[in-house]
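Visitor: One structure, as structure tokens, below. Some questions next.
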Amino acid sequence: REELYGTANQPVCIGKRDEAGNWLFPVKGALDPNEIAVCIAERVLARVGPNEEIARRLAQLKEAQRILSETVDVAQRTPYFCSGCPHNSSTVVPGGMRAYAGIGCHYMAQWMERSTLGYTHMGGEGANWIGEAPFSKRPHVFQNLGDGTYNHSGYMAMRGAIASGVNITYKILFNDAVAMTGGQANDGGLTVPQIARQVTAEGAKRVVVVTDEPWKYNKKEDWPRGLTIHHRDELMPVQAELAKIAGVSVLIYDQTCAAEKRRRRKRGLFPDPDKRVVINELVCEGCGDCGVKSNCVSVQPLETEWGRKRIIDQSSCNKDFSCVKGFCPSFVTVKGAKLKQGAAGKIGRLAPPTGEGRPAASQSAFPLQGEGGKLPEPKLPRIAQTYDIIITGVGGTGVVTIGGILGMAAHVEGKGVGVLDMAGLAQKGGAVYSHMRIAQRPEDIHAIRIAAGGADLVLGGDIVVAGNKKVLAAVKHGATEMVINVAEVMPGDFTRNADFSLPTERLKRAIVADAGREKTHFINATQAANALFGNSVAANIFLVGYAYQLGAIPLSADSIAQAIELNGEAVEMNKAAFHWGRRAAADPAAVETMAKPEPANVSDARRLSQSHDETVARRVAFLTDYQNAAYAARYLEWVERAKAAEAARAPGKTGLAEAVARYLFKLMAYKDEYEVARLYSDGSFVNQVQNELGGERLRFHVHLAPPLLAPVNKVTGEPKKLTFGPWIFPVFKLLAKFRFLRGTSFDPFGYSRERQTERALIRDYEAMLEEVLAKLDPGNHHIAVGLAAIPEKIRGFGHVKLRHLTVAKADEAALLEQFRAGPAPLLHAAE
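The sequence shown begins at 12 in the numbering used here and counts up by one.
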């Protein structure tokens, strides 16, 4: 800039600020091409004079900006710890204590419920407490510090804390990789013993190591004197002990990054335990304690006839096994299990060999349209200046890989291509956007970020991200093709809110309103990928095939297949997924039939009732097996009474009989020891596992906390679970036969507080129904439905169930008070 000044005709040169010193552009975040274009256009018009074309385009850009600023996202996907991430456990602190965040993936602990508030720049970790401590009544804090940051500059901040004498515990989170930026190794080959020796030499008062594998260290390791090693299950008492130490203490939490484990396992560089976790869907209560204990996003919801349950997403599970700590008898670890082979794998190769033994990219193993079973070749779109594609999805699912494959395919064809990936923390389960521009010549591509209304195609790997206003702003109504995966992938919010649901229908409406119905294509690619390949990872490349067959990708199938081969990861599966995506667009019914599981392979629980009568009939049959016909008849009598009262006292209203049918059943089918045993031994669980997983000679280990046998956690006071091998199944079968003792004086389990409470809940519910049905009218019908549905909130086992019961009873009392008070009196205006 200085070179332009000091001359007679010096120009006006501006950048971040204008001539008056005002900011021209945002000072943080990314620069948007629209903002730059608006700024330039306004200044050109002001200095050069009127220009109709520039004014017209400026008006369009400003309108796009206005719409974007006024649009509110229907839903957002917030970054979260990966499945099995060490930070799920390591960032938790004892109740009443506080931690500071820092730079690294553990920064995300700030938006989770783990008492972590505030952060510093890299290398400043703990320095904030040096300044705050003299003015705080809090005697001690924890400071999270990633191993990469420690190695970079965090070590110096720790030295400052030691010199100052403040009371602080540094939790050095040793993950064996610089996880946030791609999993690189720490410079210098940093090790846990090396860190321990360094901090001890600097003057740390106490140093401990907490790890998931305390047995892995060499007995001859050179540890500093006084260091102790603990299993991660001891983290809470260890932290409580360190918090009492004056000065600086150090806790080194040693557990390999989950994402890095996954990468290394694929390459055979890391042990892969021959074990998987499954949840018995009939035993599961949907309480969410497994999500609270593990904070793991691989624990997903499963909607069944008996309510919302939990299921492990086997494709994303990184085998941390923390979820089994949830206080619930539904968790089973299965040895010898593998991901189930999908329908496509059972059929064999997707296409018959042609040429040099390589399948032709345009052929399919199944006749569709055209001669010889060939897929009809789509008419590829014409590239005028550039062809602009936005690829969206969930971080960690291969969104960036899709951009790389399509970019390589363009390169193979000699086309110009530019790709801009926006990931960062988004790779941790958050929103990922990849902008791609393809041109006939590289010089035709200028800015890569796609401007408002500029997208030709949106590949939406996740409907939440695809429905984000940042994406919709780039959509042009009636012109942009939208290929959207409608599978519901729950964000991290679900780990803390068991009732969390995605607003999928609202997202669909927002997308259709923006793009137009004819240009919007919704498909459950994840369901198809799981059914066809046994792996949801294939979903994104399946979408690519779908979009290609629509004629929405200006690249040949052969080039895309070659790019998949050059990528080198899961080549056969990805090529097959691309072909099946094409088939789904060309003949949706054929693929839907192929991907749809056989009725025999779908558990009865996952088949939802289609009418009230069916709902009741299935529950009558269930309760007959649960106890006996008389017990089921008691249930049926109440349902019939509710149905008759609703028809007579609130004609035209519905919902009460349905609520009674579902929730009286829920109370009556309480899961005591006999019922858990029955649900493990009646064959339904084995069928469920065989439908979910492959493998031969499966060996089951059930995780239970039986009364009188389970030890008690000294910190929480809660029972700890024990593991029972395959021998427990004959015991289950025998125990289930004694269910006729339930509720009698000979029932040894019936004297526990929990069982007495469960039987009392049934009696209380029946008493409530007596009152509600007698006083029911159209005005209080909605309150009656709410009262009948209260048992929905009573979930779980043991102390978890009692905690939910406390909340449910408070809600019930409030509704009963409202019901008994009658309608509020009408207010009349004063005359």
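The C-beta atom is built at its ideal place from N, Cα and C for all residues, glycine as well.
Below 7 Å CB to CB, which residues in the same chain sit around Arg831 once its five sequence neighbours on both sides are set aside?
Guide: Taking the sequence shown and counting its residues from 1, the one referred to as residue 831 is at position 820. Result list for Arg831: empty, nothing under 7 Å.
Visitor: Please state if the CB of Gly545 and the CB of Gly313 are separated by a distance shorter than 9 Å.
Guide: Mapped onto the sequence shown, residue 313 falls at position 302. Mapped onto the sequence shown, residue 545 falls at position 534. Inspection of the sequence shows that residue 313 is occupied by Leu rather than by Gly. Result no, Cβ atoms of Leu313 and Gly545 do not sit closer than 9 Å.
Visitor: Taking Cβ to Cβ, would you say Gln699 is nearer than 9 Å to Glu292?
Guide: On the sequence shown, residue 699 is found 688 positions in, with the first residue counted as 1. On the sequence shown, residue 292 is found 281 positions in, with the first residue counted as 1. Yes, they are a contact pair.
Visitor: Can you have a look at Val683 and say buried or exposed, based on whether 16 or more other CB atoms are within 10 angstroms of its CB?
Guide: Position 672 of the sequence shown, counted from the start, is the residue given in the question as residue 683. First, the residue type needs correcting, since residue 683 is Asp and not Val in the sequence shown. Asp683 is buried by the Cβ-count criterion.
Visitor: Output the boundary residues of the beta strand (DSSP E) element that contains Leu715.
Guide: Here residue 715 refers to the residue found at position 704 of the sequence shown. Per DSSP, Leu715 belongs to the beta strand (DSSP E) from Arg710 to Leu715.
Visitor: Measure the C-alpha to C-alpha separation of Gln560 and Gln538 and round it to an integer number of angstroms.
Guide: Stepping through the sequence shown from its first residue, residue 560 is reached at position 549. Stepping through the sequence shown from its first residue, residue 538 is reached at position 527. Computed Cα separation, rounded: 19 Å.
Visitor: Would you identify the three-state DSSP class for Thr412, choosing helix, strand or coil?
Guide: As a working note, residue 412 is residue 401 in the sequence shown. The answer is helix: DSSP assigns Thr412 an H, G or I state.
Visitor: State the CB to CB distance for the pair Ala641 and Trp317, rounded to an integer number of angstroms; the pair is presumed to be in contact (CB under 8 Å).
Guide: Translated into the one-based positions of the sequence shown, residue 641 becomes position 630. Translated into the one-based positions of the sequence shown, residue 317 becomes position 306. In fact, because the Cβ distance is near 22 Å, the residues do not count as touching under 8 Å.
Visitor: For the alpha helix (DSSP H) containing Thr397, name the first residue and the last one.
Guide: The count along the sequence shown starts at 1 and reaches residue 397 at position 386. Segment: none, Thr397 is in no alpha helix (DSSP H) and carries neither H nor E.
Visitor: By DSSP, does Asp615 sit in helix, in strand, or in coil?
Guide: Numbered from 1 along the sequence shown, position 604 holds the residue referred to as residue 615. Residue state, collapsed to three classes: helix.
Visitor: Kindly indicate which residue of Asn62, Ser567 and Ala86 has the alpha-carbon position closest to the one of Pro502.
Guide: Looking up residue 502 in the sequence shown gives position 491. Residue Ala86 is the option with its Cα nearest to Pro502.
Visitor: State the start and end residues of the unbroken beta strand (DSSP E) segment that holds Gln311.
Guide: Along the sequence shown, read from residue 1 onward, the residue named residue 311 stands at position 300. That run of the beta strand (DSSP E) goes Val310 to Thr315.
Visitor: Since Trp140 and Val177 should fall inside the 8 Å C-beta cutoff, what is the C-beta to C-beta distance between them, to a whole number of angstroms?
Guide: Counted from its first residue, the sequence shown places residue 140 at position 129. Counted from its first residue, the sequence shown places residue 177 at position 166. Confirmed, Cβ separation roughly 6 Å.
Visitor: Indicate whether at least one CB of chain B lies closer than 9 Å to the CB of Glu777.
Guide: The structure shown has no chain B; it contains just one protein chain.
Visitor: How should Thr408 be labelled, buried or exposed, when 16 other C-beta atoms within 10 angstroms of its C-beta is the threshold for buried?
Guide: As a working mapping, residue 408 is identified with position 397 in the sequence shown. Buried is the call here.
Visitor: Candidates Ala795, Gly347 and Val219: which alpha carbon is nearest Glu707's?
Guide: The residue you call residue 707 lines up with position 696 of the sequence shown. Among Ala795, Gly347 and Val219, the Cα nearest to that of Glu707 belongs to Gly347.
Visitor: Between the Cα of Ala120 and the Cα atoms of Pro97, Lys73, Cys334 and Leu675, which residue gives the shortest distance?
Guide: Here residue 120 is taken as the residue at index 109 of the sequence shown, counted from 1. Of the listed residues, the one whose Cα sits closest to Ala120 is Pro97.
Visitor: Please list, in chain order, all residues of the same chain as Ile773 whose beta carbon is under 7 Å from its beta carbon, the five residues on each side excluded.
Guide: Your numbering for residue 773 matches position 762 in the sequence shown. Same-chain partners within the cutoff: Leu678 and Met679.
Visitor: In the DSSP assignment, the alpha helix (DSSP H) including Pro551 goes from what residue to what residue?
Guide: By 1-based counting over the sequence shown, the position of residue 551 is 540. It should be pointed out that residue 551 corresponds to Asn in this sequence rather than to Pro. Looking at the DSSP string, the run of the alpha helix (DSSP H) that includes Asn551 is Ala550 to Gln560.
Visitor: Quick one: what's got a C-beta closer than 8 Å to Lys725's C-beta in the same chain, skipping five residues either side?
Guide: Locating residue 725 in the sequence shown gives position 714, counting from the first residue. Taken in chain order, the residues that qualify are Pro248.
Visitor: Would you call the stretch 240–255 and the stretch 290–308 in contact, with 3 or more CB pairs under 8 Å?
Guide: No, they do not touch.
Visitor: Out of Ile459, Thr344 and Asp525, state which residue places its alpha-carbon closest to the alpha-carbon of Lys480.
Guide: Taking the sequence shown and counting its residues from 1, one reaches residue 480 at position 469. For the residues Ile459, Thr344 and Asp525, the minimum Cα distance to Lys480 belongs to Asp525.
Visitor: For a test of the three-state rule: what should DSSP assign to Trp140, helix, strand or coil?
Guide: If you number the sequence shown from 1, residue 140 lands on position 129. Here Trp140 sits in helix by DSSP.
Visitor: Measuring CB to CB, does Met169 end up less than 9 Å from Val261?
Guide: The residue you call residue 169 lines up with position 158 of the sequence shown. The residue you call residue 261 lines up with position 250 of the sequence shown. Their beta carbons are under 9 Å apart, which means Met169 touches Val261 by this criterion.
Visitor: From Met123, Pro282, Ala606 and Gln154, pick the residue whose C-alpha is nearest to that of Glu136; which is it?
Guide: Taking the first residue of the sequence shown as 1, we reach residue 136 at position 125. Among Met123, Pro282, Ala606 and Gln154, the Cα nearest to that of Glu136 belongs to Gln154.
Visitor: According to the neighbour-count rule (16 or more other Cβ atoms, all chains shown, within 10 Å of its Cβ), is Trp649 buried or exposed?
Guide: The residue given as residue 649 occupies position 638 in the sequence shown. Buried: at least 16 other Cβ atoms inside 10 Å.
Visitor: Which residue from Ala536, Gly258, Ser326 and His792 puts its Cα closest to that of Ala658?
Guide: Working through the sequence shown from its first residue, we reach residue 658 at position 647. Closest by alpha carbon: His792.
Visitor: Count the CB pairs spanning the stretch 271–288 and the stretch 108–127 that are closer than 8 Å, and state whether there are at least three.
Guide: Touching, no, given that fewer than three Cβ pairs across the two stretches are closer than 8 Å.
Visitor: How many Å lie between Gly32 and Ile25 at the Cα?
Guide: For the purposes of this step, residue 32 is taken as the residue at position 21 of the sequence shown. For the purposes of this step, residue 25 is taken as the residue at position 14 of the sequence shown. Using only the alpha carbons, I get a separation of about 9 Å.
Visitor: Checking 9 Å against the spacing of the C-beta atoms, do Gly441 and Arg88 come in under that value?
Guide: As a working note, residue 441 is residue 430 in the sequence shown. As a working note, residue 88 is residue 77 in the sequence shown. Yes.
Visitor: The alpha helix (DSSP H) that contains Leu79, what's its start and end?
Guide: As a working mapping, residue 79 is identified with position 68 in the sequence shown. That run of the alpha helix (DSSP H) goes Glu63 to Glu81.
Visitor: Sort out for me which residues DSSP pairs Thr239 with in a bridge.
Guide: Locating residue 239 in the sequence shown gives position 228, where the first residue counts as 1. For Thr239, which the question treats as bridged, DSSP gives the partners Val219.
Visitor: Could you check whether the stretch 665–675 touches the stretch 726–735, counting it as contact only if at least three pairs of C-beta atoms, one from each stretch, sit closer than 8 Å?
Guide: The stretch 665–675, when compared against the stretch 726–735, does not touch it at the 8 Å Cβ threshold.
Visitor: Could you check the C-alpha separation between Asp198 and Tyr161 for me, to the nearest Å?
Guide: For the purposes of this step, residue 198 is identified with residue 187 of the sequence shown, where counting begins at 1. For the purposes of this step, residue 161 is identified with residue 150 of the sequence shown, where counting begins at 1. Their Cα atoms are separated by approximately 11 Å.
Visitor: Rounded to the nearest angstrom, what separates Pro204 and Asp158 at their Cα positions?
Guide: Working through the sequence shown from its first residue, we reach residue 204 at position 193. Working through the sequence shown from its first residue, we reach residue 158 at position 147. The straight-line gap from Cα to Cα measures roughly 13 Å.
Visitor: Of the choices Lys272, Arg319, Val152 and Asp187, whose alpha-carbon is the least far from that of Leu619?
Guide: On the sequence shown, position 608 is the one that residue 619 refers to. Ranking Lys272, Arg319, Val152 and Asp187 by Cα distance to Leu619 puts Arg319 first.
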